[in-house]
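Q: From first to last, the protein sequence lines are chains A and B. Start counting the first sequence at 0; every next residue gets the next number (numbering that gives the first Met the number 0). Start counting the second sequence at 0; every next residue gets the next number (numbering that gives the first Met the number 0). We put the CB at the ideal spot given by N, CA and C, even for glycine. Questions regarding the structure given below will be posed in turn.
Number of protein chains: 2
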Amino acid sequence: MADLHEYKESLSENLMQVIALLEEYGFEEGQSQSHDYSRLQHKLDTLHPADVADILEALPLDQRLQVWELVKAERDGDILLEVSDAVRQSLIADMDSHELLAAAEQLDTDELADLAPDLPKDVLQELLYSLDAQNRARLQSALSYSEDTVGAIMDFDIVTIREDVTLEVALRYMRRIGSLPDHTDKLFVVDRDDILRGVLPLTKLVVSDLDATVTDVMADDAVTFHPEDIADEAAKAFERYDLVTAPVVDANNKLVGRITVDAVMDYIREETESDMLSLAGLREEEDFFASIWKSVQNRWAWLAINLVTALVASRVIGVFEGSIEKIVALAALMPIVAGIGGNSGNQTTTMIVRGLALGQVASHNMHSLITKELGVALLNGLIWGGVLAIIAYALYGNYQLGLVMMAAMTLNLMLAAMMGVVIPLYMNKFGRDPAVGSSVLITAVTDSGGFLIFLGLATIFLL
Amino acid sequence: MADLHEYKESLSENLMQVIALLEEYGFEEGQSQSHDYSRLQHKLDTLHPADVADILEALPLDQRLQVWELVKAERDGDILLEVSDAVRQSLIADMDSHELLAAAEQLDTDELADLAPDLPKDVLQELLYSLDAQNRARLQSALSYSEDTVGAIMDFDIVTIREDVTLEVALRYMRRIGSLPDHTDKLFVVDRDDILRGVLPLTKLVVSDLDATVTDVMADDAVTFHPEDIADEAAKAFERYDLVTAPVVDANNKLVGRITVDAVMDYIREETESDMLSLAGLREEEDFFASIWKSVQNRWAWLAINLVTALVASRVIGVFEGSIEKIVALAALMPIVAGIGGNSGNQTTTMIVRGLALGQVASHNMHSLITKELGVALLNGLIWGGVLAIIAYALYGNYQLGLVMMAAMTLNLMLAAMMGVVIPLYMNKFGRDPAVGSSVLITAVTDSGGFLIFLGLATIFLL
Numbered sequence: 000m001a002d003l004h005e006y007k008e009s010l011s012e013n014l015m016q017v018i019a020l021l022e023e024y025g026f027e028e029g030q031s032q033s034h035d036y037s038r039l040q041h042k043l044d045t046l047h048p049a050d051v052a053d054i055l056e057a058l059p060l061d062q063r064l065q066v067w068e069l070v071k072a073e074r075d076g077d078i079l080l081e082v083s084d085a086v087r088q089s090l091i092a093d094m095d096s097h098e099l100l101a102a103a104e105q106l107d108t109d110e111l112a113d114l115a116p117d118l119p120k121d122v123l124q125e126l127l128y129s130l131d132a133q134n135r136a137r138l139q140s141a142l143s144y145s146e147d148t149v150g151a152i153m154d155f156d157i158v159t160i161r162e163d164v165t166l167e168v169a170l171r172y173m174r175r176i177g178s179l180p181d182h183t184d185k186l187f188v189v190d191r192d193d194i195l196r197g198v199l200p201l202t203k204l205v206v207s208d209l210d211a212t213v214t215d216v217m218a219d220d221a222v223t224f225h226p227e228d229i230a231d232e233a234a235k236a237f238e239r240y241d242l243v244t245a246p247v248v249d250a251n252n253k254l255v256g257r258i259t260v261d262a263v264m265d266y267i268r269e270e271t272e273s274d275m276l277s278l279a280g281l282r283e284e285e286d287f288f289a290s291i292w293k294s295v296q297n298r299w300a301w302l303a304i305n306l307v308t309a310l311v312a313s314r315v316i317g318v319f320e321g322s323i324e325k326i327v328a329l330a331a332l333m334p335i336v337a338g339i340g341g342n343s344g345n346q347t348t349t350m351i352v353r354g355l356a357l358g359q360v361a362s363h364n365m366h367s368l369i370t371k372e373l374g375v376a377l378l379n380g381l382i383w384g385g386v387l388a389i390i391a392y393a394l395y396g397n398y399q400l401g402l403v404m405m406a407a408m409t410l411n412l413m414l415a416a417m418m419g420v421v422i423p424l425y426m427n428k429f430g431r432d433p434a435v436g437s438s439v440l441i442t443a444v445t446d447s448g449g450f451l452i453f454l455g456l457a458t459i460f461l462l
Numbered sequence: 000m001a002d003l004h005e006y007k008e009s010l011s012e013n014l015m016q017v018i019a020l021l022e023e024y025g026f027e028e029g030q031s032q033s034h035d036y037s038r039l040q041h042k043l044d045t046l047h048p049a050d051v052a053d054i055l056e057a058l059p060l061d062q063r064l065q066v067w068e069l070v071k072a073e074r075d076g077d078i079l080l081e082v083s084d085a086v087r088q089s090l091i092a093d094m095d096s097h098e099l100l101a102a103a104e105q106l107d108t109d110e111l112a113d114l115a116p117d118l119p120k121d122v123l124q125e126l127l128y129s130l131d132a133q134n135r136a137r138l139q140s141a142l143s144y145s146e147d148t149v150g151a152i153m154d155f156d157i158v159t160i161r162e163d164v165t166l167e168v169a170l171r172y173m174r175r176i177g178s179l180p181d182h183t184d185k186l187f188v189v190d191r192d193d194i195l196r197g198v199l200p201l202t203k204l205v206v207s208d209l210d211a212t213v214t215d216v217m218a219d220d221a222v223t224f225h226p227e228d229i230a231d232e233a234a235k236a237f238e239r240y241d242l243v244t245a246p247v248v249d250a251n252n253k254l255v256g257r258i259t260v261d262a263v264m265d266y267i268r269e270e271t272e273s274d275m276l277s278l279a280g281l282r283e284e285e286d287f288f289a290s291i292w293k294s295v296q297n298r299w300a301w302l303a304i305n306l307v308t309a310l311v312a313s314r315v316i317g318v319f320e321g322s323i324e325k326i327v328a329l330a331a332l333m334p335i336v337a338g339i340g341g342n343s344g345n346q347t348t349t350m351i352v353r354g355l356a357l358g359q360v361a362s363h364n365m366h367s368l369i370t371k372e373l374g375v376a377l378l379n380g381l382i383w384g385g386v387l388a389i390i391a392y393a394l395y396g397n398y399q400l401g402l403v404m405m406a407a408m409t410l411n412l413m414l415a416a417m418m419g420v421v422i423p424l425y426m427n428k429f430g431r432d433p434a435v436g437s438s439v440l441i442t443a444v445t446d447s448g449g450f451l452i453f454l455g456l457a458t459i460f461l462l
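Right, dumping it as structure tokens:
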């Protein structure tokens, strides 16, 4: 039996071994046919597709393609499913139609649906022709659902049974099939029109009286999904009700597929990663070895937005150039007020975004949340503003400057608190993802606002 | 059958209904006994513990406790497990020892272990006395593992079987037990000393020949875990190898428990949330209705760190006060250089942190990553720096100022790129979580660095 340590160590070790073998062979393209690649090939054959995928992602393009050619053709499909989108494109670009079709043939319909958007149009056409009617219909319908719906993550590995048979008959039927799909934790009970009547968990099947009928034992209150349901909501239901698989039915309650917990976990992982990337302004997962130009394209939109907000803040400062000329200390102190405001606002927003995701924040408690955040801001402003006032006095020997600093800090923190609650709530109300855009907006407001408040107060009270 | 829509709608609807009922009753403490709470009580009884937990989290303290008192005592334990740490503390503070013991008695040993750290010492002692020897030993060992290990997320709902029996006997044994724990997808095959010999998936049990023995059918290459394994690695193994349950064994391969996919999903969700909170500088999940003072404590460390980095940046500006006095435009333009540098550096860091988490970034490709990021930074610097140069010229009619702007921008983006790769790699090397601290460090470097580069170049070339 293999324990976790062996697996974990093997991950980075595998990568090191592959790199060592590649280096031994030398990288030069021309020589590639003259070498004996059997050791590397053997190594790759022993690895799980997910592990090969990891190695491919960690290699620069030329080495990546070298390794890719050594992977057995019948494993291509599984590995293409595991790599990130960007790396998948680099691998597909290196394959001809024949190789792509061969890889696709190894896959189930739901897996094909994941791969299809990256395939060249002619390969996809040919693939559709090669499928039987049922699978073609399934693939076409799977492709018709958008990425964030249940339809896009469901599969078709459903085992069904009629409600009027006894468990003895059911078990005999199971033994005749000879094998069940991965993750099968329940059979789907349907009538002759494929209408879902209930579910029969295997844990019930194996403990119940053999003479009982399926109806006696099945659960008829299972959570069901529709293909057009939002995948994110389905994922929450899986977590909340601890599901392993769940049936997917159409509007007439006809069974069309199932969702499994591993598809849900993959979906959650991808969503979390894409949120993290969006937060930092990366449009999508980047291939580490993509060209510089591709990376620039992936990142430019965010930098452009920040340039605009920075320019606005800069113009706010520009208005007060006269004041800064007279008291140059203002220039050194103003970024502190703006910066702490941004940090504090982002703390508030992060809390609110989490509350929105859990359904705990809504209009009914917006008022009390704002009141509370304003209280926190006031207290923080007096504490940290007080510290800053002392530092400003120590540095510049001007107690009035210190008082302005403290007042500006407090007001900017209160502005940040207010905006930190209001911005994510309104983004959510207008159907935008508050996790992604709120941070830029908050920072824009607290930067410009911080400069305006500090320089404005200074102009009024110090000049 | 209940579909997803009904569940989703019911979540916010339930909350609204509870609030409406509470408002009807009125909040005044004194009156609380004089009302007929049966409608609200009935409503709560029909809800899943996770749904009740959500409602409790969304209510201010007084209403929360009012609802909490109406929850049936035998459901207290399940609900305490579902609420966030902060809210759990507020509920436990409201319960006496007797109520707490009654709630704890409803729970399994692994669930008790989750609850135990929040229980008062005397209650925990009494609880330990009330358990039988096996469960007391289990609870004590579960409590001895730190939060981020397999030992802390495993449970003890294991069903074992001997390897030499036939499947017919195995099935008869199952029917005698009468029920299997949730999530049972496999039986654990052990010898008479509880040493794990393999696993028998239910999907195999129900399709295989009844005369076959367990040995014939069981898998002997199952992934196993040790209680002291890092939970994060176990979660990755679950995702990678699509597991539903997995055995946990001690150093002698003796079966001690199991991990289930729902525990893994809960762990992943908690980790992701705690990362998100840490990123924004919140120490832990906050109760929305915690006191202002508690919130200030939860957030102060981050603000203090940012105050220090902002002060350093401020002193860098202070050095150049003479230059700013002569060209006051510098004060308005300098935050742009610093700000865009911070954004760009965080983009790089986010990519690297992701690569580290996937094991794709390490010393062997640090060099090529830096080279690539420097290339991206150079290109971005010339593009955005060029745009800024034109804007600066348009605003201040000084083309030299524009050139300094462009040069400073490019240099600061390159500094950001370099630090964006190096900081997370070194944090990782020294055992710190790069996802959390990198962002502060990057921003500190690009702020101070940006001011230094821009004001320095301006002092050299413009004065």
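So with Cβ pairs under 7 Å, would you call aspartate 154/B a contact of chain A?
A: Position 155 of the second sequence, counted from the start, is the residue given in the question as residue 154/B. Answer no: the Cβ-Cβ gap between aspartate 154/B and chain A never drops below 7 Å.
Q: Tell me which same chain residues have a C-beta within less than 6 Å of the C-beta of alanine 221/A, skipping the five on either side of it?
A: Walking along the first sequence from the start, residue 221/A turns up at place 222. Val198, listed in sequence order.
Q: Could you check which residue in Glu125/A, Gly401/A, Asp181/A has the C-alpha nearest to that of leucine 201/A?
A: Looking up residue 201/A in the first sequence gives position 202. Taking only the C-alpha atoms, the option nearest leucine 201/A is Asp181/A.
Q: Counting only the same chain and skipping the five closest in sequence on each side, list residues whose C-beta sits under 7 Å from that of glycine 157/A.
A: Sequence index remark: in the first sequence, residue 157/A carries index 158 (1-based). Note that residue 157/A is isoleucine in the sequence shown, not glycine. Closer than 7 Å at the Cβ level, and outside the excluded window around isoleucine 157/A, lie Phe187, Leu254, Gly256, Arg257.
Q: Rounded to whole angstroms, how far is the Cβ of glycine 177/B from the Cβ of valine 205/A, which I believe are closer than 8 Å?
A: One-based indexing of the second sequence puts residue 177/B at position 178. One-based indexing of the first sequence puts residue 205/A at position 206. Going by Cβ atoms, the distance from glycine 177/B to valine 205/A rounds to 11 Å, so no, they are not a contact pair.
Q: What residues in the segment 161-192 of chain A bring their beta carbon closer than 7 Å to a beta carbon of chain B?
A: Result list: Leu170, Met173, Arg174, Ile176, Gly177, Ser178, Leu179, Asp181, His182, Thr183, Asp184.
Q: Check whether the Cβ of glutamine 359/B lies closer than 7 Å to any Cβ atom in chain A.
A: Looking up residue 359/B in the second sequence gives position 360. For glutamine 359/B, the answer is yes, since a Cβ of chain A falls inside 7 Å of its Cβ.
Q: Would you mind telling me which residues of chain B sit closer than 8 Å to serine 313/A, beta carbon to beta carbon, in chain order?
A: By 1-based counting over the first sequence, the position of residue 313/A is 314. The answer, in chain order, is Ala331, Leu332, Pro334, Ile335.
Q: Kindly indicate if chain A contains any beta-carbon less than 7 Å away from that of glutamine 346/B.
A: If you number the second sequence from 1, residue 346/B lands on position 347. Chain A, which has a Cβ nearer than 7 Å to the Cβ of glutamine 346/B, makes this yes.
Q: Kindly indicate the opening and closing residues of the alpha helix (DSSP H) around alanine 245/B.
A: As a first step, residue 245/B is located in the second sequence; it is residue number 246 there, counting from the start. Not the alpha helix (DSSP H): alanine 245/B falls in the beta strand (DSSP E), residues 244-248.
Q: Could you check what DSSP says for aspartate 53/B in three-state terms: helix, strand or coil?
A: Translated into the one-based positions of the second sequence, residue 53/B becomes position 54. Three-state result, aspartate 53/B: helix.
Q: My guess is that threonine 347/A and valine 420/A are in contact by the Cβ rule of under 8 Å, so how many angstroms apart are they, rounded?
A: Translated into positions along the first sequence, residue 347/A becomes position 348. Translated into positions along the first sequence, residue 420/A becomes position 421. So it is a contact: roughly 6 Å between Cβ atoms.
Q: Return the bridge partner residues of aspartate 265/B from the DSSP annotation.
A: Translated into positions along the second sequence, residue 265/B becomes position 266. BP columns for aspartate 265/B are empty, so no partner.
Q: Sorted by chain position, which residues of the same chain lie with C-beta nearer than 6 Å to aspartate 219/B's C-beta, five sequence neighbours on each side aside?
A: Start at 1 with the first residue of the second sequence, and residue 219/B comes out as number 220. Result list for aspartate 219/B: Gly197, in chain order.
Q: Could you name the residues of the same chain whose beta carbon sits closer than 8 Å to that of valine 149/B, not counting the 5 residues immediately before and after it, in chain order?
A: For the purposes of this step, residue 149/B is identified with residue 150 of the second sequence, where counting begins at 1. For valine 149/B, where only same-chain residues beyond five positions count, the Cβ hits under 8 Å are Phe224, His225, Pro226, Glu227, Asp228, Ile229, Ala230, Ala233, Val247, Ile258.
Q: At a CB-CB cut-off below 7 Å, which residues of chain B make contact with methionine 468/A?
A: Examination of residue 468/A is not possible in this model, given that chain A is present from 0 through 462 alone.
Q: Which residues in chain A sit within 7 Å of arginine 257/B, going by Cβ to Cβ distance?
A: Here the question's residue 257/B lines up with position 258 in the second sequence. Neighbours of arginine 257/B on chain A: none; closest Cβ ~14 Å, over 7 Å.
Q: Taking DSSP's pairing of strands, which residues face lysine 185/B in a bridge?
A: Within the second sequence, residue 185/B is the residue found at index 186, counting from 1. Beta-bridge pairing links lysine 185/B to Pro200/B.
Q: Could you name the residues of the same chain whose beta carbon sits closer than 6 Å to that of alanine 151/A, not counting the 5 residues immediately before and after it, in chain order?
A: Position 152 of the first sequence, counted from the first residue, corresponds to residue 151/A. Answer for alanine 151/A: Tyr144, listed in chain order.
Q: So the beta strand (DSSP E) isoleucine 258/B belongs to, where does it begin and stop?
A: Locating residue 258/B in the second sequence gives position 259, where the first residue counts as 1. It spans 254-259 - the beta strand (DSSP E) in which isoleucine 258/B sits, taken as one unbroken run.
Q: Along chain B, in chain order, which residues have C-beta atoms closer than 8 Å to that of leucine 281/A?
A: Here residue 281/A corresponds to residue number 282 of the first sequence, with the count starting at 1. Gln346, Thr349, Met350, listed in chain order.
Q: Per the contact definition of three or more C-beta pairs closer than 8 Å, is the segment 87-95 of chain A in contact with the segment 105-118 of chain A?
A: Output reads yes: the segment 87-95 of chain A touches the segment 105-118 of chain A.
Q: Counting along the chain, where does the alpha helix (DSSP H) carrying isoleucine 382/A start and finish?
A: Your numbering for residue 382/A matches position 383 in the first sequence. It spans 362-395 - the alpha helix (DSSP H) in which isoleucine 382/A sits, taken as one unbroken run.
Q: Just to confirm, are alanine 415/B and serine 313/B a CB contact at a threshold of 7 Å?
A: Here residue 415/B corresponds to residue number 416 of the second sequence, with the count starting at 1. Here residue 313/B corresponds to residue number 314 of the second sequence, with the count starting at 1. Against a cut-off of 7 Å, the Cβ pair of serine 313/B and alanine 415/B comes out as no contact.
Q: Using three-state DSSP, classify aspartate 121/A as helix, strand or coil.
A: In the first sequence, counting from the first residue as 1, residue 121/A sits at position 122. Correct three-state label for aspartate 121/A: helix.
Q: In three-state terms, what does DSSP make of leucine 179/A?
A: Sequence index remark: in the first sequence, residue 179/A carries index 180 (1-based). If DSSP states are grouped into helix, strand and coil, leucine 179/A belongs with coil.
Q: Going along the chain, which residues of the segment 410-438 of chain A sit with their C-beta nearer than 7 Å to a C-beta in chain B?
A: Those would be none; no residue qualifies.
Q: On the DSSP letters alone, give me the boundaries of the alpha helix (DSSP H) that isoleucine 452/B sits inside.
A: To locate residue 452/B, count along the second sequence from 1; it is residue 453. Counting along the chain, the alpha helix (DSSP H) containing isoleucine 452/B begins and ends at 433-461.
Q: For phenylalanine 237/A, count neighbouring Cβ atoms within 10 angstroms of its own Cβ and tell me buried if that reaches 16, exposed if not.
A: Position 238 of the first sequence, counted from the start, is the residue given in the question as residue 237/A. Phenylalanine 237/A comes out buried.
Q: Output, in chain order, the set of chain A residues within a Cβ distance shorter than 8 Å of leucine 306/B.
A: Taking the second sequence and counting its residues from 1, the one referred to as residue 306/B is at position 307. In chain order: Ile335, Ile339, Trp383, Val386, Leu387.
Q: Within 7 Å of any Cβ in chain B, is that where the Cβ of alanine 115/A sits?
A: Against the first sequence, residue 115/A aligns to sequence position 116. Not an interface residue.
Q: So the alpha helix (DSSP H) asparagine 411/A belongs to, where does it begin and stop?
A: In the first sequence, counting from the first residue as 1, residue 411/A sits at position 412. 398-428 is the span of the alpha helix (DSSP H), which, as asked, contains asparagine 411/A.
Q: With distance defined between alpha-carbon atoms, name the residue in Gln296/A, Arg353/A, Thr165/A nearest to leucine 378/B.
A: Counting from 1 along the second sequence, the entry for residue 378/B is found at position 379. Comparing Cα positions, the closest option is Gln296/A.
Q: What residues match up with leucine 195/B in a beta bridge as DSSP calls it?
A: Residue numbering aside, residue 195/B sits at position 196 when the second sequence is read from its first letter. In DSSP, leucine 195/B forms a bridge with Val189/B.
Q: Answer with buried or exposed for alanine 337/B, where buried requires no fewer than 16 other C-beta atoms within 10 angstroms of its C-beta.
A: Residue 337/B sits at position 338 when you count from the first residue of the second sequence. Answer is buried; the Cβ neighbour count reaches 16.
Q: What residues from chain A crowd round arginine 63/B, counting only those whose CB sits closer than 9 Å?
A: On the second sequence, position 64 is the one that residue 63/B refers to. Chain A residues near arginine 63/B: none, gap ~12 Å exceeds 9 Å.
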